[in-house]
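Here is the structure we will look at.
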Amino acid sequence: MTYTHAFLDGTACDLPPRKIVCVGRNYAAHARELGNAVPETPILFMKPATALVPLVGGFSIPAGRGECHHETEITLLIGRQLKHAGEAECLAAIAGIGLGLDLTLRDLQNELKKKGQPWEVAKAFDGAAPLSAFLRPEGFDLDDLRFTLAVNGEVRQCGHSADMITPVLPLLAHISTIFTLEPGDVVMTGTPEGVAPLRVGDVLTLEMDGLKVESAVL
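The opening residue of the sequence shown carries number 3 in the working numbering; numbering runs sequentially from there.
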């Protein structure tokens with residue numbers, strides 16, 4: 003299925019899908035649940051545009067490659083170029099706020115980590131970033147965003163942006179000193195605790211203030 007950025011209110015979005023910049027271990031409880039150290043600075047990695055797929059309508063996970071875990075995250079659609087940007091500039095550049103899944107082949111990731119090798123094949127495969135449509139950012143407090151993921155009616159993840167180790171605006175400012183963020187890029191801001199394997203046939207409900215998305219693993 004072809005992916006295009008979309009706004010929940012149905013208005014047109016002319017921003018082209020580009021790279022996804024992801025943040026690892028931005029919630030201390032998630033770092034601890036996987037036995038990882040809590041980082042002092044953001045851990046950044048990227049997914050290509052080919053990882054983008056819509057949440058609505060369902061998505062597939064790789065077969066025969068071990069467990070594929072859900073990692074539910076607040077996502078930010080970038081509307082202006084950011085390079086060595088201040089926080090006010092970062093705020094003005096947020097074109098949309100949504101939810102997404104950083105799908106992770108956990109068994110493969112663990113093998114790669116043991117060997118000291120990069121994670122891309124476990125994190126950046128085609129379809130590894132299912133995203134919701136985006137809400138317009140006006141009226142949202144970026145430090146007070148609550149979100150949940152339920153799988154088959156059971157709540158698995160509950161997140162609150164106030165628990166981020168690096169909050170949204172300092173995070174964008176930091177990223178912009180390393181990677182230039184372009185219009186159409188997406189930033190995935192990290193996942194709270196509660197990650198777990200997905201199975202074909204699972205029904206997912208992702209919710210945040212003003213946003214509710216039903217999806218399924220196909």
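Beta carbons: idealized from backbone N, C-alpha and C, even for Gly.
Asked, Found
"Taking all protein chains shown into account, decide if Asp104 is buried (16 or more other Cβ within 10 angstroms of its Cβ) or exposed.", "buried"
"Starting from Ser178 and walking both ways along the alpha helix (DSSP H), at which residues does that stretch end?", "Val170 to Ser178"
"Within a Cβ cutoff of 6 Å, which residues of the same chain sit near Gly196, ignoring the five residues on either side of it in sequence?", "Arg158 and Gln159"
"Compute the beta-carbon to beta-carbon distance between Tyr5 and Val55, rounded to the nearest angstrom, for a pair I have assumed lies under 8 Å.", "5 Å"
"Answer yes or no: do Thr43 and Met190 have a C-beta to C-beta separation smaller than 8 Å?", "no"
"Does the beta-carbon of His86 have 16 or more other beta-carbons within 10 angstroms, so that it is buried, or is it exposed?", "exposed"
"Could you tell me the distance, in whole angstroms, from the CA atom of Arg138 to the CA atom of Arg201?", "32 Å"
"So, does the region 162 to 176 touch the region 10 to 18, judging by three or more C-beta pairs under 8 Å?", "no"
"What number of angstroms, rounded off, separates the C-alpha of Asp143 from the C-alpha of Asn38?", "29 Å"
"Give the single residue among Arg82, Ser62, Ile45 and Gly66 whose Cα lies nearest to the Cα of Gly186.", "Arg82"
"Just to confirm the assignment: which complete beta strand (DSSP E) runs, minimum length 3, are found wholly within the region 102 to 165?", "131 to 133, 148 to 153 and 156 to 162"
"Looking at chain C, is there any beta carbon in it that lies within less than 8 Å of the beta carbon of Arg108?", "Note that chain C does not occur in the displayed structure, where there is just one protein chain."
"Ala33 to Asn112, Cα distance in whole Å?", "14 Å"
"For Ile63, which residues from the same chain have a beta carbon less than 7 Å from its beta carbon, with the 5 sequence-adjacent residues on both sides left out?", "Cys70, Leu105, Leu200 and Val219"
"Phe9 and Gly26 - do their beta-carbons sit closer together than 8 Å?", "no"
"Would you report the Cα separation of Ile180 and Gly129, rounded to the nearest angstrom?", "25 Å"
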